[in-house]
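Down below is the structure, laid out as structure tokens.
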Amino acid sequence: SCFCHVMLKLRAGQVPFGHALHTWVCVQRHCSSKASTSAFPSLPPAMLRRLAGLDTLHSHWMKLEREFQEKSQALEQELRDKTSVLFARRQSIVNGSSEPSEAEVAASELLDVSPLDESLGLSGSPDGIRGVPGFWVTAMRQCEALELDEGISAKDWKVLEHLEEVRWESWVPPTEDDEEPDPLGFSLHFRFGENELLAIKDELVLYCNSSGEVEKVVPPVWNEGCDPTVVRKVKKVKRKGQPAERTYVTKPTHSFFRIFSLPDVEEEGDVPESAGDEGPLSVAELQEHFVQTLNVELLPNATAYYLKSVFRPEYPLDASIDEEEWDDELQPVRGSRVNGATAKR
Numbered sequence: 097s098c099f100c101h102v103m104l105k106l107r108a109g110q111v112p113f114g115h116a117l118h119t120w121v122c123v124q125r126h127c128s129s130k131a132s133t134s135a136f137p138s139l140p141p142a143m144l145r146r147l148a149g150l151d152t153l154h155s156h157w158m159k160l161e162r163e164f165q166e167k168s169q170a171l172e173q174e175l176r177d178k179t180s181v182l183f184a185r186r187q188s189i190v191n192g193s194s195e196p197s198e199a200e201v202a203a204s205e206l207l208d209v210s211p212l213d214e215s216l217g218l219s220g221s222p223d224g225i226r227g228v229p230g231f232w233v234t235a236m237r238q239c240e241a242l243e244l245d246e247g248i249s250a251k252d253w254k255v256l257e258h259l260e261e262v263r264w265e266s267w268v269p270p271t272e273d274d275e276e277p278d279p280l281g282f283s284l285h286f287r288f289g290e291n292e293l294l295a296i297k298d299e300l301v302l303y304c305n306s307s308g309e310v311e312k313v314v315p316p317v318w319n320e321g322c323d324p325t326v327v328r329k330v331k332k333v334k335r336k337g338q339p340a341e342r343t344y345v346t347k348p349t350h351s352f353f354r355i356f357s358l359p360d361v362e363e364e365g366d367v368p369e370s371a372g373d374e375g376p377l378s379v380a381e382l383q384e385h386f387v388q389t390l391n392v393e394l395l396p397n398a399t400a401y402y403l404k405s406v407f408r409p410e411y412p413l414d415a416s417i418d419e420e421e422w423d424d425e426l427q428p429v430r431g432s433r434v435n436g437a438t439a440k441r
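Using our numbering, you'd call the opening residue of the sequence shown number 97 and step up by one each time.
Quick look at the structure:
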């Protein structure tokens with residue numbers, strides 16, 4: 097009904113209290129000719145005027161808040177659009193589909209540290225290397241924010257060695273009829289090269305709302321025996337009067353790739369069988385840690401993380417650039433707003 101819709105907006109802070117109250121009175125008068133205002137407190141006229149004035153001031157504040165949110169969303173969208181162009185250009189250089197322009201090379205301060213061999217030209221080394229091999233897995237290894245005791249396993253890294261692209265796209269989550277749309281949702285796409293671990297070469301995708309909560313996924317399809325998210329364990333089944341039988345059961349294990357599932361479909365096997373068996377982190381816990389870290393740390397700062405891996409070993413602690421200076425120059429900006437969210441700390 098109209099009244100219920102107004103009350104939902106009141107809860108969300110989208111209409112002033114006076115408007116909601118007026119709507120309620122109108123509904124009551126429409127439903128019953130005997131309806132009265134006896135349900136409301138009897139206030140002196142002067143007090144009622146003051147409250148009416150306060151309600152008006154509050155509605156003005158709500159209008160300012162709505163205008164601020166609209167302008168913030170517009171700026172956020174502008175940032176997203178411009179960022180997407182830069183990220184697409186970065187990926188074209190990483191995958192070797194194009195080379196950096198003379199202007200892009202000349203504008204970098206990197207050549208002051210490692211001068212370019214002019215004999216090679218801008219087309220790169222004559223050894224046939226295409227793009228920047230291992231760019232994304234190297235960046236992930238250098239991203240300290242991704243570190244988690246029970247996060248990325250050795251089996252995960254074997255799969256991530258084949259990671260060719262991490263891409264961000266805008267996504268608007270579906271809503272109910274009476275819900276406001278969330279224009280700042282996003283999706284994270286992971287594309288892998290040919291390998292013996294993944295059975296299907298489709299992109300893995302996380303569809304998230306503006307808060308970073310995963311609402312939909314496109315999960316990986318593994319070849320037999322290659323799934324890093326589970327482990328086979330031996331279970332002894334005892335039957336009365338018969339020898340114990342050994343059966344194999346599949347249990348979830350620590351793995352980065354468990355983020356490509358939804359928390360509400362986790363198997364009962366996620367629950368530890370005994371107090372001594374802590375078990376892996378839940379899907380919700382893994383997503384809470386990894387999704388926003390990938391979104392606001394890895395994606396915008398991937399180049400800085402890769403450069404950190406390539407050049408940092410060239411400079412010992414007693415070199416002309418000390419450790420602190422190097423960290424200040426190459427460390428990514430923490431907590432920066434990219435793609436509509438701020439990393440959780």
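The beta-carbon is built from N, C-alpha and C at its ideal position, and this holds for glycine as well.
All values reported here derive from a predicted model rather than from experimental measurement.
Legend entry - 6 Å Cβ shell around S432 - same chain, five flanking residues per side excluded: With a pLDDT of only 45 at S432, under the threshold of 50, the placement of this residue in the model should not be trusted, and no figure is reported.
Legend entry - Ordered list of alpha helix (DSSP H) runs contained in the stretch 275-303, each at least 4 residues: none
Inset, instruction - Give the single residue among D323, T325, E341 whose Cα lies nearest to the Cα of K331. - result: The candidate whose alpha carbon is nearest that of K331 is E341.
Legend entry - Backbone secondary structure at M158 - three-state DSSP: helix
Legend entry - Length of the line joining the Cα atoms of P270 and S307: 15 Å
Inset, instruction - Please determine, among R145, R186, V406, the residue with the shortest C-alpha to C-alpha distance to W264. - result: Comparing alpha carbon positions, the residue from R145, R186, V406 closest to W264 is R186.
Legend entry - Residues near C322 in its chain [Cβ-Cβ closer than 6 Å; skip 5 each side]: L293
Inset, instruction - Using beta-carbon positions only, say whether I355 and L302 come within less than 8 Å of one another. - result: Yes, Cβ-Cβ distance for I355 and L302 is below 8 Å.
Legend entry - Buried versus exposed call for M236 [16 or more other C-beta atoms within 10 Å across all chains shown]: buried
Inset, instruction - To the nearest angstrom, report how far apart E363 and E381 are at their CA atoms. - result: Confidence at E363 is low in this model, with a pLDDT of 48, below 50, so the placement of that residue should be treated as unreliable; the coordinate-derived value is given next. For E363 and E381, the distance between alpha carbons rounds to 15 Å.
Inset, instruction - Leaving out five residues on either side along the sequence, give the residues of the same chain with a beta carbon under 8 Å from the beta carbon of S193. - result: G227
Legend entry - Where S357 falls: helix, strand or coil (DSSP): Assigned with DSSP and collapsed to three states, S357 falls in coil, not helix or strand.
Inset, instruction - Enumerate in chain order the residues of its own chain whose CB-to-CB distance from E290 is below 8 Å, with the five nearest sequence positions on each side excluded. - result: H258, K297
Legend entry - Backbone CA spacing between F407 and L207 [nearest angstrom]: 12 Å
Inset, instruction - Could you have a look at V406 and say whether DSSP puts it in helix, strand or coil? - result: helix
Legend entry - Distance between K251 and N305 (C-alpha atoms, nearest Å): 29 Å
Legend entry - Own chain residues within Cβ distance below 7 Å of E174, not counting five before or after: none
Inset, instruction - Measuring alpha carbon to alpha carbon, tell me which of Y344, Q338, G224, L390 ends up nearest F352. - result: L390
Legend entry - Beta-carbon proximity check, F288 vs E320, cutoff 8 Å: no
Inset, instruction - Measure from the alpha carbon of V190 to the alpha carbon of each residue in I225, P316, E309, then state which is nearest. - result: Here the closest residue by C-alpha is I225.
Inset, instruction - Quick one: residues in its chain with C-beta nearer than 8 Å to the C-beta of Q169, no 5 flanking neighbours on either side, listed in chain order? - result: Contacts found: P279, L280.
Legend entry - Near the ligand GTP: E381 beta-carbon under 7 Å from a heavy atom: Within the structure as shown, the ligand GTP is missing, as the structure has no ligands at all.
Legend entry - Start and end residues, alpha helix (DSSP H) containing T271: Following the DSSP letters along the chain, one finds T271 in no alpha helix (DSSP H), marked with neither H nor E.
Inset, instruction - Ignore the nearest five residues each way along the sequence and tell me which others in V367's own chain have a CB closer than 6 Å to its CB. - result: Confidence in V367 is poor, its pLDDT being 46 and thus under 50, which makes the residue's placement too unreliable to answer from.
Inset, instruction - For L256, count neighbouring Cβ atoms within 10 angstroms of its own Cβ and tell me buried if that reaches 16, exposed if not. - result: buried
Inset, instruction - Determine the DSSP secondary structure at T349, reduced to helix, strand or coil. - result: coil
Inset, instruction - Pull up the distance between the alpha-carbon of E205 and that of A184, whole angstroms please. - result: 22 Å
Inset, instruction - Alpha carbon to alpha carbon, how far is G230 from E198? Give it in angstroms, no decimals. - result: 24 Å
Legend entry - Where the beta strand (DSSP E) containing K312 begins and where it ends: 310-314
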